[in-house]
Every structure is written in structure tokens, then in C-alpha cells.
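In UniProt numbering, the protein residues as written are 1 to 102. Here a beta-carbon is modelled for each residue, glycine too, at the ideal position from N, C-alpha and C. Beneath this line is the structure, given in C-alpha cells, with notes to follow.
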């Protein structure tokens, strides 16, 4: 297992959905995207930190870079909470526009 495996999966998700920007126009609305993602990001980061500290959740350290925020949370997990919602927003907005303009 590569220590960049988690990052590679996130990058693949972003690359696969990147062409959807042409239809979905998500990245062009950065303030709206931030308002959608940041509150959820905050809740999920706290949730993960609590779960890790309590021993309910852990990460396979061989699949992460070793960069850990606050001594607890791998940076990849924070990036996951940004990348996956972006991919979902791109997909949702693309489908919505295609059905509307269809």
C-alpha cells in the first residue's frame, strides 16, 4: 500500500468529475460552494476527531502521507470532506442542468 493511496483516490475522483464543470458550473460559484461545504466540513472534522480520540475510529497509516492535523486527523480525511462533496455538487448540478435544458 502506498502512503499516497488516499490522496490518489481523491485526485482520481476530482479528475473524473472535472469535465462536469463545463455543464455544472460549480467552481465558478466559489462563495456558494464554500457556504455549502464549510459547515459540513466543520461538523465532520469534529466528529472524526472525537471518534479518533475515543478509539472508535482510526486510519491505516500506511495509506496516508503522515501529515496529521492537531496530532489526530490525517490531512487526507479533511481533503476527503472537501473533494467528495465537490464531486457530488458537480454531478448534481450537471444532471440538474441537463434535465432542465434537456
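- Ranked by how close their Cα comes to the Cα of residue 61, the residues 30, 36, 75 and 91 have 75 in first place.
- As DSSP reads the structure, residue 68 sits in a beta bridge with 74.
- Shortest Cα-Cα distance from residue 11 to any of 84, 94 and 95 involves 84.
- Fully contained in the UniProt domain "Lycopene cyclase" (7 to 94) are the following alpha helix (DSSP H) runs of length 4 or more, in chain order: 21 to 24 and 30 to 53.
- Here the C-alpha atom of residue 98 lies approximately 15 Å from the C-alpha atom of residue 17.
- Taken through DSSP and simplified to helix, strand or coil, residue 3 comes out as coil.
- Our two residues, residue 91 and residue 8, have alpha carbons roughly 20 Å apart in a direct line.
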